[in-house]
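J.: To start, I am sharing the structure in question, which I have written as structure tokens.
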Amino acid sequence: MTDNELFLPRAAIPNTPRQAPAWAKKSPPKSKAATRSKITAQKYLAPRDPHEHARKIAENVIDAWHQSYGGSSIDIPLGTVAALALLRQPPGTGNGLADWILQRQPHELPQLFKEIYLGHWIKRPDLINRALRLHDWAWNPNPDPQQLRAVQAVTHRAVNQGLLDLTGHDDPYLRAETDVLSPLLTGLRHKSDKKWRGEYHTPACVTDLLANMLVDKNFAQPDLAIREPAIGSGTMFRSVAQRLRDLGLNPRDYHWYGNDIDALAAACAAVNTIIWDLGPNAFIGCADSLTTEDGGYAKTLAEANESFAQRDRYMDTATSTAASRRAFRLLDDLIANKGTAVA
Ligand SMILES: C[S@@+](CC[C@H](N)C(=O)[O-])C[C@H]1O[C@@H](n2cnc3c(N)ncnc32)[C@H](O)[C@@H]1O
């Protein structure tokens with residue numbers, strides 16, 4: 076596999092020119108339809124602490140995945156929750172989005188997730204390419220029906236436990252109150268795997284304390300580069316971003332570079348970078364920080380540039396294909412109308 080292929084999500088190869096995904100264009104149906112089919116978001120008791128809430132969601136998702144015999148591919152429940160966490164609840168729709176998701180049949184879910192990832196790929200192809208491990212499975216043309224039922228069970232559990240209440244906000248400050256992927260990634264990893272990888276994330280109370288101690292108005296000069304050579308799912312970045320916001324500063328004005336040797340951890344950090352809105356100068360790499368001179372920074376930037384260039388090429392092709400289809404349709408109409416006029 077070449078580098079190009081590696082960073083080419085299948086999402087990026089439209090067979091036909093496609094417009095913005097349907098979910099991005101229209102509000103999901105209101106709860107009325109959901110009430111009819113009796114599948115509506117359940118009332119749950121949300122823990123006051125967002126980190127506790129995220130842990131509870133993770134426990135429920137892990138339970139649902141194992142109870143439904145989902146198998147050992149932890150990228151599937153992780154990718155499911157990550158996709159749902161990338162959705163925004165249109166204001167004023169109440170539980171409409173949750174109800175609409177809960178009504179999807181198992182076979183409809185991969186398509187929904189592909190559209191969510193594709194919608195974000197258009198803005199940040201580098202981050203969605205980095206998150207490939209989280210959505211690659213959704214492109215399988217012959218998915219295992221049992222696995223799809225497990226994906227549905229995970230979706231129901233995450234939504235019913237209030238995932239969208241943590242991540243569906245328009246305001247990035249509210250979306251960044253916790254890291255929903257951290258307890259899931261560490262909880263899904265097998266014990267021995269976790270030990271071998273050192274996949275133990277720093278508790279949020281510790282990263283918050285560190286950020287509060289290290290980042291003040293003087294320290295936080297715009298253009299500053301914040302680097303994390305073993306980022307995990309990005310918990311440290313989250314605390315720094317919130318600290319900046321608390322100081323009245325905007326994380327989008329800073330440079331962020333996170334790296335992890337593990338592709339799944341880097342994938343989670345890439346999705347979190349979008350959820351937490353770290354901005355246009357936030358990049359996530361996947362390399363060994365100890366053996367690369369600059370922690371893989373130059374390679375990550377080159378890969379990001381290639382992702383953007385590739386996205387632009389696809390968009391150009393899609394736009395010109397759409398234009399020529401429109402022209403052919405017009406020509407057909409013209410010929411048909413002329414035929415009618417002659418007759
Ligand atoms: C202990 S966790 C820390 C994660 C995060 N920094 C935190 O505080 O929550 C360790 C992470 O470091 C990553 N890691 C271990 N060795 C690495 C290396 N040589 N280069 C890059 N990442 C590495 C692991 O994959 C894992 O995600």
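All residue numbers for the sequence shown refer to our numbering, where the first residue is 76 and numbers rise by one. We treat Cβ as the ideally placed atom computed from N, Cα and C, and that holds for glycine.
1. Thinking C-alpha only, which one of ASN235, ASN347, LEU339 and GLY307 is nearest LEU316?
2. Does the Cβ of GLN221 have 16 or more other Cβ atoms within 10 Å, making it buried, or fewer, making it exposed?
3. What separation, rounded to the nearest whole angstrom, lies between the Cα atoms of SER143 and HIS182?
4. I'd like to check one pair, TYR275 with ARG320: are the Cβ atoms closer than 8 Å?
5. Is PRO258 near ligand 1 - that is, is its Cβ less than 7 Å away from at least one heavy atom of it?
6. What do you reckon, are the CB atoms on PRO304 and SER257 nearer than 8 Å?
7. Tell me whether the beta-carbon of ARG272 lies closer than 8 Å to the beta-carbon of ILE149.
8. Does ligand 1 have a heavy atom nearer than 7 Å to the CB of THR310?
9. With H, G and I counted as helix, E and B as strand and the rest as coil, what does DSSP make of ILE422?
10. At what residues does the beta strand (DSSP E) containing PHE358 begin and finish?
11. Output yes or no for whether 8 Å exceeds the beta carbon distance between THR242 and VAL234.
12. Output needed for GLN385: all residues of its chain with C-beta closer than 6 Å, excluding positions within five of it in sequence on either side, in chain order.
13. Can you determine whether any heavy atom of ligand 1 sits closer than 7 Å to the C-beta of LEU299, and answer yes or no?
14. Please confirm whether any heavy atom of ligand 1 lies closer than 7 Å to the CB of PRO304.
T.: According to the structure data:
1. In the sequence on display, residue 316 carries Ala and not Leu. Of the candidates ASN235, ASN347, LEU339 and GLY307, the one whose C-alpha sits nearest the C-alpha of ALA316 is ASN347.
2. exposed
3. 16 Å
4. no
5. no
6. no
7. no
8. yes
9. Because the chain spans 76 through 418 in this model, residue 422 falls outside it and cannot be assessed.
10. 357–360
11. no
12. none
13. no
14. yes
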